[in-house]
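Written out below as structure tokens is the structure these notes cover.
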Amino acid sequence: MKTTDEKHSARFEKILKGKKVDSCRYMTRDEADDMGWYKRPLAIMFTDGTYLVLQSDDEGNDGGAGFIGGGKDEHTIYTI
1411 MKTTDEKHSA
1421 RFEKILKGKK
1431 VDSCRYMTRD
1441 EADDMGWYKR
1451 PLAIMFTDGT
1461 YLVLQSDDEG
1471 NDGGAGFIGG
1481 GKDEHTIYTI
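Each residue of the sequence shown is one higher than the last, beginning at 1411 in our numbering.
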């Protein structure tokens, strides 16, 4: 039997695996306002028209930061 984290990891792997990044940009002020957010997070746009937006929590209460690791340099993806 799969653990909860294995179950959810498999779900999101199925959604994200194989996607190709088309571009990255910060949400516009209007987009953030439409979400009721004060912060404008990075939006990662994929070639199939889907996108990934960083949130402060799983309830979508505000835009949030991310972390890039595993290479020579580590980076925080900050909000503006």
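Note that beta-carbon positions come from the ideal geometry of N, C-alpha and C, so glycine has one too.
Unbroken alpha helix (DSSP H) run spanning residue i, endpoints
| i | result |
| --- | --- |
| Leu1426 | 1414-1426 |
| Ala1475 | Element bounds for Ala1475: n/a, residue is neither H nor E. |
Cβ-Cβ separation, residue j to residue i (assumed contact under 8 Å), whole Å
| i | j | result |
| --- | --- | --- |
| Arg1435 | Ala1453 | 6 Å |
| Gly1473 | Ala1442 | 6 Å |
| Asp1432 | Phe1456 | 6 Å |
Spatial distance of residue i from residue j (CA atoms)
| i | j | result |
| --- | --- | --- |
| His1418 | Thr1489 | 26 Å |
| Gly1476 | Met1411 | 31 Å |
| Met1437 | Pro1451 | 6 Å |
| Thr1414 | Arg1421 | 11 Å |
| Asp1458 | Lys1424 | 15 Å |
| Ile1446 | Gln1465 | Reading the sequence as shown, one finds Gly at residue 1446 and not Ile. If I take the Cα positions, the gap works out to 12 Å. |
| Thr1460 | Gly1428 | 12 Å |
| Leu1462 | Lys1430 | 12 Å |
7 Å CB neighbourhood of residue i in its chain, flanking five on each side removed
| i | result |
| --- | --- |
| Tyr1448 | Asp1472 |
Nonlocal neighbours in the same chain, by C-beta distance under 6 Å from residue i, ignoring five residues either side
| i | result |
| --- | --- |
| Ile1478 | His1485 |
*For the segment 1427-1487, list the beta strand (DSSP E) runs that are entirely contained and at least 3 residues long, ordered along the chain.*
As far as the segment 1427-1487 is concerned, its whole beta strand (DSSP E) runs of at least 3 residues are 1431-1436, 1452-1456, 1461-1463, 1476-1478, 1485-1487.
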